[in-house]
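Novice:
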Amino acid sequence: MLIATGPPTPGTVNATIRALTLLQAAGLDADVAARVQRSVISYLVGWVLIEQGVATEQRQANFTAALHLAQGRGGAAVAAAIAPDRSAKGEFEFGLELILHGLAARLAGSSPAAP
1 MLIATGPPTP GTVNATIRAL TLLQAAGLDA DVAARVQRSV ISYLVGWVLI
51 EQGVATEQRQ ANFTAALHLA QGRGGAAVAA AIAPDRSAKG EFEFGLELIL
101 HGLAARLAGS SPAAP
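The letter at position 100 of the sequence shown is residue 100 when you use our numbering, and the numbering goes up by one with no holes.
1) Is the beta carbon of Ala15 closer than 9 Å to that of Leu23?
2) With a threshold of 16 other CB atoms inside 10 Å of the CB of Val13, please say whether the residue is buried or exposed.
3) Tell me, to the nearest whole angstrom, how far the beta carbon of Leu107 is from that of Ala26; I am working on the premise that it is less than 8 Å.
4) Looking only at its own chain, which residues have a Cβ that is under 6 Å from the Cβ of Pro115, when we skip the five neighbours before and after it?
5) Output the distance between the C-alpha atoms of Gly72 and Glu57, rounded to the nearest integer angstrom.
6) Excluding sequence positions up to five away, which residues of its chain have a Cβ less than 8 Å from the Cβ of Ala65?
7) Between Ala79 and Phe63, which are expected to be in contact by the criterion C-beta below 8 Å, what is the C-beta distance as a whole number of angstroms?
8) Pull up the distance between the alpha-carbon of Leu100 and that of Glu93, whole angstroms please.
9) Would you say Val36 and Ile3 are within 9 Å of each other, going by their C-beta atoms?
10) Quick one: what's got a C-beta closer than 7 Å to Val40's C-beta in the same chain, skipping five residues either side?
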């Protein structure tokens with residue numbers, strides 16, 4: 001919670017400047033570099049907040065409730081999308097990889113411009 005709600009620190013400023021410098025050196029303009037940096041940080045902080053805020057028992061109860069609601073409409077696949085097990089091996093990495101692949105596509109010029 002402290003990372004999500006606390007004030008900026010000198011370390012935060014230094015890390016942000018390094019990230020923006022690298023993104024701009026890779027070919028992004030300053031505005032897009034800032035949006036990329038915010039997206040990665042939001043993904044990371046959001047993941048941690050959700051992971052730390054939901055106990056294992058509550059996560060299982062949420063999945064069970066989602067499974068019940070999704071009967072006959074996709075079952076376990078729908079339930080897993082509604083109430084994912086974020087502790088499952090590779091879940092965090094998969095999402096981060098999607099973000100990084102989108103960034104790589106944008107840098108390569110094969111991604112449509114963002115709105």
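We put the beta carbon where it would ideally sit given N, CA and C, even for glycine.
Specialist: Per the coordinate set shown:
1) no
2) exposed
3) 6 Å
4) Low per-residue confidence applies at Pro115: pLDDT is 49, beneath 50, and the placement is therefore not dependable enough to give any value.
5) 25 Å
6) Ala83
7) 6 Å
8) 10 Å
9) no
10) Ile99
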